[in-house]
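Count along the sequence shown starting at 1, add 920, and that's the number in our numbering.
Heads up, the beta-carbon is just placed ideally off N, CA and C, and yes, glycines get one too.
Reviewing the structure listed below.
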Amino acid sequence: MKNICIIPARGGSKRIPRKNVKLFCGKPIIEYSIESALRSGLFDEVMVSTDDVEISNLAINCGAKVPFLRSKITSNDFASTVDVLEEVLLNYKKKGLTFDNCCCLYATAPFITDKILNETFSFISKSKYSSVLPVIKYSHPIQRAFIDNDGYLEYKSPEYQNSRTQDLQPMYHDSGQFYWFNVTHFIKNKLIITDNTHGFEIPESKVRDIDTLEDWKIAEVLYNCINWD
């Protein structure tokens, strides 16, 4: 069984300039993803998909591979993760290299460890799931969510307004850190999340979505508070 880890890392970033190489707790944030992938021992290939020479050189120095740069099509603001992954896998196929499973690991996921990668891989390697991803349980039932209607609060789903929170079905959201998927299924359907996807729950303390500089600062504080032993 052959596995590849693809780390998307475009050079452009609108909200946080040079986000993928910005120092996070003392080192470029992309290094955390590369190191976790390499330490896991799961991958025949750990590669970074980028359009940026600085990112490419950094990735190679960290032990990852950059056998080719992204095309202009997958480097623009409208390219999706699916577009990037498909381009990488098809380029490898042209070189005569194919893989059974792929992990798309984002460059700004410093909380992901080799342990979590191994735990989640076991679900896709020993089951018939087409993909596996880490998810987080909503801290409060979203069935009790409010909406703003011209300045007045209303329940989005009023049928649940008198329900006890413990009686409501737990709901989850994507942690936005990585995805495992079966390559054959992905190439055929061009989907990561399907009706055959498994969600692996991880604690909220191990996740921080980093979209703004404030998010970045909070993530650094949380990272330094975690016992990584």
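According to DSSP, Tyr-1099 sits in a beta bridge with which residue or residues? Locating residue 1099 in the sequence shown gives position 179, where the first residue counts as 1. For Tyr-1099, DSSP records a beta bridge to Cys-1024.
Cβ atoms of Val-973 and Ala-984: under 8 Å apart, would you say? For the purposes of this step, residue 984 is taken as the residue at position 64 of the sequence shown. For the purposes of this step, residue 973 is taken as the residue at position 53 of the sequence shown. It is not a contact, given that the beta carbons lie outside the stated cut-off.
If you compare alpha carbons, which of Asp-1129, Tyr-952, Met-921 and Lys-1137 is closest to Leu-978? By 1-based counting over the sequence shown, the position of residue 978 is 58. Selection Asp-1129, Tyr-952, Met-921 and Lys-1137 evaluated against Leu-978 yields Tyr-952 as nearest (Cα-Cα).
For Pro-1061, which residues from the same chain have a beta carbon less than 6 Å from its beta carbon, with the 5 sequence-adjacent residues on both sides left out? Counting from one through the sequence shown, the residue named residue 1061 turns up at place 141. The residues are Thr-1085 and Leu-1088.
To the nearest whole angstrom, what separates the beta carbons of Ile-1130 and Ala-1027, a pair I think is in contact under 8 Å? To locate residue 1130, count along the sequence shown from 1; it is residue 210. To locate residue 1027, count along the sequence shown from 1; it is residue 107. The distance from the Cβ of Ile-1130 to that of Ala-1027 is about 10 Å, inconsistent with a contact at the 8 Å cut-off.
Mapping the DSSP letters down to three states, classify Tyr-1072 as helix, strand or coil. The residue given as residue 1072 occupies position 152 in the sequence shown. Taken through DSSP and simplified to helix, strand or coil, Tyr-1072 comes out as strand.
Proximity to Leu-1010 [Cα-Cα], best of Arg-1128, Ile-924, Trp-1136 and Cys-1145: Sequence index remark: in the sequence shown, residue 1010 carries index 90 (1-based). It is Ile-924.
Determine the burial state of Thr-994: buried for a count of at least 16 other Cβ atoms within 10 Å of its Cβ, exposed for fewer. To locate residue 994, count along the sequence shown from 1; it is residue 74. That one is buried.
List the endpoints of the continuous beta strand (DSSP E) containing Lys-1013. Counting from one through the sequence shown, the residue named residue 1013 turns up at place 93. Counting along the chain, no beta strand (DSSP E) covers Lys-1013; the unbroken alpha helix (DSSP H) around it starts and ends at 1001-1014.
State the DSSP-derived secondary structure class of Leu-958, mapped to helix, strand or coil. Residue 958 sits at position 38 when you count from the first residue of the sequence shown. It is helical.
Would you say Phe-988 and Pro-1054 are within 8 Å of each other, going by their C-beta atoms? To locate residue 988, count along the sequence shown from 1; it is residue 68. To locate residue 1054, count along the sequence shown from 1; it is residue 134. Not in contact: Phe-988 and Pro-1054 (Cβ atoms no closer than 8 Å).
Leu-1133 burial status per 10 Å Cβ neighbour count (16 or more: buried): The residue given as residue 1133 occupies position 213 in the sequence shown. Classification for Leu-1133: exposed.
Let me know the secondary structure DSSP gives Asp-1094 once reduced to three states. Reading the sequence shown from its first residue, position 174 is the one you call residue 1094. The answer is strand: DSSP assigns Asp-1094 an E or B state.
Between Phe-1043 and the rest of its own chain, which residues show a CB-CB distance below 7 Å, the 5 nearest in sequence each way excluded? Against the sequence shown, residue 1043 aligns to sequence position 123. So the qualifying residues of the chain are Tyr-1049, Val-1052, His-1118 and Phe-1120.
If we ignore side chains and look at the alpha-carbon of each, how far apart do Thr-1040 and Asp-964 end up? Locating residue 1040 in the sequence shown gives position 120, counting from the first residue. Locating residue 964 in the sequence shown gives position 44, counting from the first residue. Going by the C-alpha atoms only, they are around 17 Å apart.
Contact defined as beta carbons within less than 8 Å: I believe Ile-954 pairs with Cys-982. What is the distance between those atoms, to the nearest angstrom? Residue mapping note: residue 954 aligns to position 34 of the sequence shown, counting from 1. Residue mapping note: residue 982 aligns to position 62 of the sequence shown, counting from 1. Going by Cβ atoms, the distance from Ile-954 to Cys-982 rounds to 4 Å, so yes, they are a contact pair.
If we count the other Cβ atoms within 10 Å of its Cβ and call it buried at 16 or more, is Cys-1024 buried or exposed? In the sequence shown, the residue the question calls residue 1024 occupies position 104. With 16 or more other CB atoms across the displayed protein chains lying within 10 angstroms of its CB, Cys-1024 is buried.
Taking C-beta to C-beta, are Val-1017 and Ser-960 nearer than 8 Å? Taking the sequence shown and counting its residues from 1, the one referred to as residue 1017 is at position 97. Taking the sequence shown and counting its residues from 1, the one referred to as residue 960 is at position 40. Here residue 1017 is Leu; the residue named in the question, Val, does not match the sequence. Contact flag unset, no.
Cα-Cα separation between Phe-1101 and Thr-970, rounded to whole angstroms: Here residue 1101 refers to the residue found at position 181 of the sequence shown. Here residue 970 refers to the residue found at position 50 of the sequence shown. Rounded to the nearest angstrom, the two C-alpha atoms are 21 Å apart.
According to the Cβ coordinates, are Phe-944 and Glu-1079 closer than 8 Å? Mapped onto the sequence shown, residue 944 falls at position 24. Mapped onto the sequence shown, residue 1079 falls at position 159. Remark: C-beta atoms of Phe-944 and Glu-1079 do not approach each other more closely than 8 Å.
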